[in-house]
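Trainee: Got a structure for you, written out below as structure tokens; questions coming shortly.
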Ligand code: SF4
Ligand code: SF4
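Residue numbers (our numbering): 120 to 226.
Structure, rendered in structure tokens:
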């Protein structure tokens with residue numbers, strides 16, 4: 120069981136989560152982060168750090184969020200690793216809490 124980055128990270132990408140991950144298993148795309156489920160050790164440290172509450176354990180996902188399991192798995196294979204926090208996207212606060220952002224995910 121791994122932790123999963125979900126919908127509300129899209130177009131926010133604050134990156135607070137990467138600072139606390141002991142195994143550096145976050146990968147960065149243009150407007151979303153993905154967790155590599157094979158590297159995640161399920162420590163739960165990142166979940167409370169996310170200002171957008173976008174990180175959930177796989178067993179906490181709603182039906183609508185289940186699509187993010189495969190997305191995290193696939194995107195973490197193609198995106199570069201990120202270990203250090205950087206500034207969130209410029210319009211992150213406007214997008215925080217907007218529902219159904221999947222159509223805006225850039226890969
Ligand atoms: S802290 Fe949350 S919103 Fe920010 S990059 Fe990590 S998962 Fe995405
Ligand atoms: S649960 Fe732990 S190991 Fe997994 S992504 Fe979060 S901080 Fe990293």
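The beta carbon of each residue, even a glycine, is placed where N, CA and C say it ideally should be.
#1: Spatial neighbours of residue 149 within its chain, please: C-beta separation below 8 Å, excluding the five flanking residues on both sides.
#2: To which residues of the same chain is residue 194 closer than 7 Å at the C-beta, ignoring the five residues directly before and after it?
#3: Under the three-state reduction of DSSP, which class applies to residue 181: helix, strand or coil?
#4: My assumption, with CB atoms under 8 Å, is that residue 227 sits in contact with residue 125. Please give the rounded CB distance.
#5: Would you give the residue range spanned by the beta strand (DSSP E) that residue 153 belongs to?
#6: Find out if the Cβ-Cβ distance for the pair residue 128, residue 163 is shorter than 8 Å.
#7: Would the beta-carbon of residue 206 fall within 8 Å of that of residue 131?
Mentor: Looking at the atomic coordinates:
#1: 225 and 226
#2: 146, 148, 153 and 226
#3: coil
#4: In this structure the chain extends from 120 to 226, so residue 227 is not present and cannot be described.
#5: It spans 152-154 - the beta strand (DSSP E) in which residue 153 sits, taken as one unbroken run.
#6: no
#7: no
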